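Numbering (the working numbering), first residue to last: 550 to 817.
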Amino acid sequence: MSNLIKAFEVFDDSLVKHLDNKIETTILLEDIEIGSLRAWLANKLRGIPEEALKELDWKKAVGHYLNQGRYILLNVLEKKAQITSGDVEIIDLQLKEAAKTTRVNELPTYVQPTKKSIIENIKNISEATKPLVEGDTVFYEDNENKTSFNLELKIDVESLEDLITEEELQSDSTMILKVRKPDFLGNTKWSFKHGEQNIEASILHQDWLNKYQQGQEIIINPQDALVCRVRTTVKHDENNDVISKTYEILEVKEIRRAPNSTQTKISF
Numbered sequence: 550m551s552n553l554i555k556a557f558e559v560f561d562d563s564l565v566k567h568l569d570n571k572i573e574t575t576i577l578l579e580d581i582e583i584g585s586l587r588a589w590l591a592n593k594l595r596g597i598p599e600e601a602l603k604e605l606d607w608k609k610a611v612g613h614y615l616n617q618g619r620y621i622l623l624n625v626l627e628k629k630a631q632i633t634s635g636d637v638e639i640i641d642l643q644l645k646e647a648a649k650t651t652r653v654n655e656l657p658t659y660v661q662p663t664k665k666s667i668i669e670n671i672k673n674i675s676e677a678t679k680p681l682v683e684g685d686t687v688f689y690e691d692n693e694n695k696t697s698f699n700l701e702l703k704i705d706v707e708s709l710e711d712l713i714t715e716e717e718l719q720s721d722s723t724m725i726l727k728v729r730k731p732d733f734l735g736n737t738k739w740s741f742k743h744g745e746q747n748i749e750a751s752i753l754h755q756d757w758l759n760k761y762q763q764g765q766e767i768i769i770n771p772q773d774a775l776v777c778r779v780r781t782t783v784k785h786d787e788n789n790d791v792i793s794k795t796y797e798i799l800e801v802k803e804i805r806r807a808p809n810s811t812q813t814k815i816s817f
């Protein structure tokens, strides 16, 4: 329950932050029905902007907007086996219409939420329902409407990103990556530090990786650095904003030991 509440708080924030960055939303657990998992949730809005339009009851308008936003998201996802670009487009258009009907779009700072934030919220809500098992059901309802959560929907983050990707750019370069966390299993990404930036990267240099995992010649310690040929892939959306950035190590050229290491540098 707590993960689901958090996921909806993030969703609400993604809607209202476009109105005023001082507005905060908090979902309160008002009551729990004894002997069931039914819970009543209420919104609390903080940070009333004094400059809001006088003729518009902004608090009520934003509350209606958030409520409609949840129904829009859940109704589009209901009974879906997978998400399509058309589904994201429908959510985007219906959120615009909700902003219009609730008059939220009359607030001077209103900005339409991005498609990137839409897919991030789909992922968050899907992740929050993962612990539920067969036979569990979750509903969202108010005095007028009721809709169910789609517990069958399985989300693949990369596939979601591809739905809103307008352009994908790749570049290869030599980078010096300081090792934070090696991968001993071969099916997860390594953690590195590049300058002040923490990055994760898959190693595609299979011969080198096999030798490392088999303990043949190659020993890597935290704070050692790898000199690598790295492929960087950047996905952009229709607004030219970055959706994601991924790193793949095509070739490990050299191991540079940490300053206090007694081991020697290795070149390949």
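Ideal Cβ placement from N, Cα and C applies to all residues, glycine included.
From a predicted model like this one, the values you see are computed outputs, not experimental measurements.
| message | I'd like to know whether the C-beta atoms of residue 648 and residue 553 end up nearer to each other than 8 Å. | response | no
| field | Residue span of the alpha helix (DSSP H) that contains residue 641, given as start and end | value | Start and end: 634–650.
| said: How far does the beta strand (DSSP E) with residue 759 in it extend, from its first residue to its last? | reply: Element bounds for residue 759: not the beta strand (DSSP E) but the alpha helix (DSSP H), 755–762.
| Three or more C-beta pairs closer than 8 Å, one from the stretch 786–794 and one from the stretch 721–729: is that the case here? | no
| query | Whose C-beta lies closer than 6 Å to the C-beta of residue 782 among residues of the same chain, with five residues either side of it excluded? | reply | 719, 795
| query | Who pairs with residue 775 in a beta bridge, going by DSSP? | reply | 726, 804
| Taking the beta strand (DSSP E) that residue 742 falls in, what are its first and last residues? | 739–743
| query | What is the C-beta distance between residue 662 and residue 728, in whole angstroms, given that I count them as a contact (C-beta under 8 Å)? | reply | Contact flag wrong, Cβ pair sits at about 38 Å.
| request: Express the C-alpha separation of residue 806 and residue 744 in angstroms, rounding to a whole number. | output: 17 Å
| message | According to DSSP, residue 718 sits in a beta bridge with which residue or residues? | response | 783
| Bounding residues of the alpha helix (DSSP H) (the contiguous stretch that carries residue 665) | 664–677
| said: Does residue 713 pass the burial test, meaning 16 or more other C-beta atoms within 10 Å, or should it be called exposed? | reply: buried
| said: On a Cα-Cα basis, can you pick out the residue from 802, 708, 610, 614 that is closest to residue 668? | reply: Closest by alpha carbon: 708.
| task | Express the C-alpha separation of residue 710 and residue 702 in angstroms, rounding to a whole number. | result | 16 Å
| request: Could you check which residue in 622, 779, 650 has the C-alpha nearest to that of residue 696? | output: Considering only alpha carbons, the answer is 622.
| task | Pick helix, strand or coil for residue 749, following the three-state DSSP scheme. | result | Residue 749 falls in the strand class under three-state DSSP.
| Helix, strand or coil at residue 682 [DSSP, three-state] | coil
| field | Local Cβ density within 10 Å of residue 604, reported as buried at 16 or more and exposed below that | value | Residue confidence for residue 604 is low, a pLDDT of 48 falling below 50, so the modelled location carries little weight and cannot support an answer.
| message | Using CA atoms only, rank isn't needed, just tell me which of 609, 788, 803 is closest to residue 715. | response | 788
| task | With residue 819 as the anchor, note down where its beta strand (DSSP E) starts and where it stops. | result | Only positions 550 to 817 of the chain appear in the structure, and residue 819 is not among them; the question remains open.
| Can you round the beta-carbon distance between residue 681 and residue 753 to whole angstroms, since I take them to be within the 8 Å contact cut? | Not really, about 36 Å apart at Cβ, beyond 8 Å.
| field | Per DSSP, cross-strand counterpart(s) of residue 688 | value | 697
| message | Would residue 786 and residue 628 qualify as a contact pair, given that the criterion is a beta-carbon distance under 8 Å? | response | no
| query | Could one say the Cβ of residue 638 lies closer than 8 Å to chain C's Cβ atoms, at least one of them? | reply | Within the model displayed, chain C is absent; a lone protein chain is all it includes.
| request: Whole angstroms is fine: what's the gap from residue 564's alpha carbon to residue 615's? | output: 7 Å
| query | How big is the Cα-Cα spacing for residue 756 and residue 767? | reply | 11 Å
| query | So what's residue 794 in DSSP terms, helix, strand or just coil? | reply | The answer is strand: DSSP assigns residue 794 an E or B state.
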